[in-house]
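Encoded as structure tokens, the structure appears first; notes follow it.
Residue numbers (our numbering): 288 to 582.
Following this line, the structure appears as structure tokens:
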């Protein structure tokens, strides 16, 4: 018996998200997971390869994703590094904080937190590699390079980790058009991607990360216009947990036949959506700052 391999293409995030979920729901295999509780239905699973042709295009946001506009803003802050301190000490079994942050693994690869003899946790490790700076510098010097890649997996920690990183790597390459505009193409690979509970937020977050952290930095350093090209999203396991299938049916699958696509999406450029995206920034930053002080 084989795991299905699904290939999806769309223009915007919202379109591609809906197509991928629908294909998974129809063609995915039903399997157990190591996180199931007694009585949970089987999950729906497949290997997914989807390509978003224009990640910043509208309609960008799908109404069905289980979160709000403010949640998207907070996640972008997280990918920019504002929650890197929210990780646990690897040698403290009573520490229940996060195992990692994606930004921490990308910008401070080789580092982890350890609890010292004084009871305080601090970052340690044999080396620290700023992969974000590496890919930016590499692409500035040689836009067509095939070596602009960042990884997250740290075998010394992740082989026995309860919740190891789902994101595995991000690969970049730039193509330049006849007008001299540079287009940042990205391949993002997940070993495991919660299609219903996390995928849309992941895709939105890394679209914004690619624009504000990578593309904008290259543009500032080179003086050339840098825009986002296509984003290829690869997931070894693209799944809807059994416990979430009913919610996905109610919020999306059962509505496709009775609503138009436009009724199921938001335009990120809509002034109302922009206001919602920005209005909670101060509160989000205050919450993050308070948590950082406690840690």
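Glycine included, each C-beta is placed from N, C-alpha and C at the ideal position.
Buried or exposed: residue 453, going by 16 or more other Cβ atoms within 10 Å of its Cβ?
For the purposes of this step, residue 453 is identified with residue 166 of the chain shown, where counting begins at 1. Burial call: buried.
State the CB to CB distance for the pair residue 455 and residue 440, rounded to an integer number of angstroms; the pair is presumed to be in contact (CB under 8 angstroms).
Taking the first residue of the chain shown as 1, we reach residue 455 at position 168. Taking the first residue of the chain shown as 1, we reach residue 440 at position 153. About 6 angstroms separates the two Cβ atoms, so the contact holds.
In DSSP terms, what residue 373 is bridged to
Here residue 373 corresponds to residue number 86 of the chain shown, with the count starting at 1. Its beta-bridge partners do not exist; DSSP assigns none.
On the criterion of 16 or more Cβ atoms from any shown chain inside 10 Å, does residue 558 qualify as buried, or is it exposed?
Within the chain shown, numbered from 1, the residue matching residue 558 stands at position 271. So residue 558 ends up on the exposed side.
With 16 as the cutoff for other CB atoms within 10 Å, does residue 394 come out buried or exposed?
The residue labelled residue 394 in the question sits at position 107 within the chain shown. Buried: at least 16 other Cβ atoms inside 10 Å.
For residue 397, which of 388, 476, 405, 367 has the nearest alpha-carbon?
Working through the chain shown from its first residue, we reach residue 397 at position 110. When each option's Cα is compared against that of residue 397, the closest is 388.
Three-way DSSP call (helix, strand, coil) for residue 432 in this model
For the purposes of this step, residue 432 is taken as the residue at position 145 of the chain shown. Note: residue 432 maps to coil in three-state DSSP.
Using CA coordinates, which residue listed in 390, 417, 381 is at the minimum distance from residue 401?
Locating residue 401 in the chain shown gives position 114, counting from the first residue. Minimum Cα distance to residue 401 is reached at 381.
Look up residue 565 in the DSSP assignment and give the residues it is bridged to.
Here residue 565 corresponds to residue number 278 of the chain shown, with the count starting at 1. DSSP, once it has assigned bridges, lists no residue as partnering residue 565.
Residue 359 vs residue 564 beta-carbon contact at 8 angstroms
Your numbering for residue 359 matches position 72 in the chain shown. Your numbering for residue 564 matches position 277 in the chain shown. Yes. Within cutoff.
Given a cut-off of 8 angstroms on the beta-carbon distance, is the pair residue 504 and residue 423 in contact?
Numbered from its first residue, the chain shown carries residue 504 at position 217. Numbered from its first residue, the chain shown carries residue 423 at position 136. Contact flag set, yes.
With residue 361 as the anchor, note down where its alpha helix (DSSP H) starts and where it stops.
Numbered from its first residue, the chain shown carries residue 361 at position 74. Start and end: 356 to 366.
Could you pull the DSSP bridge partners for residue 332 from this structure?
Here residue 332 corresponds to residue number 45 of the chain shown, with the count starting at 1. Bridge partners of residue 332: 316, 526.
Is there at least one non-hydrogen atom of the ligand ATP closer than 7 angstroms to the beta-carbon of residue 482?
As for the ligand ATP, it is missing from this structure, which has no ligand bound.
May I ask you to verify whether the stretch 361 to 370 touches the stretch 428 to 435, counting CB pairs closer than 8 angstroms and requiring at least 3?
no
Ends of the alpha helix (DSSP H) at residue 393?
By one-based count along the chain shown, residue 393 stands at place 106. Where residue 393 is concerned, the enclosing alpha helix (DSSP H) stretches over 389 to 394.
Hey, could you find the ends of the alpha helix (DSSP H) residue 506 is sitting in?
Stepping through the chain shown from its first residue, residue 506 is reached at position 219. Start and end: 503 to 509.
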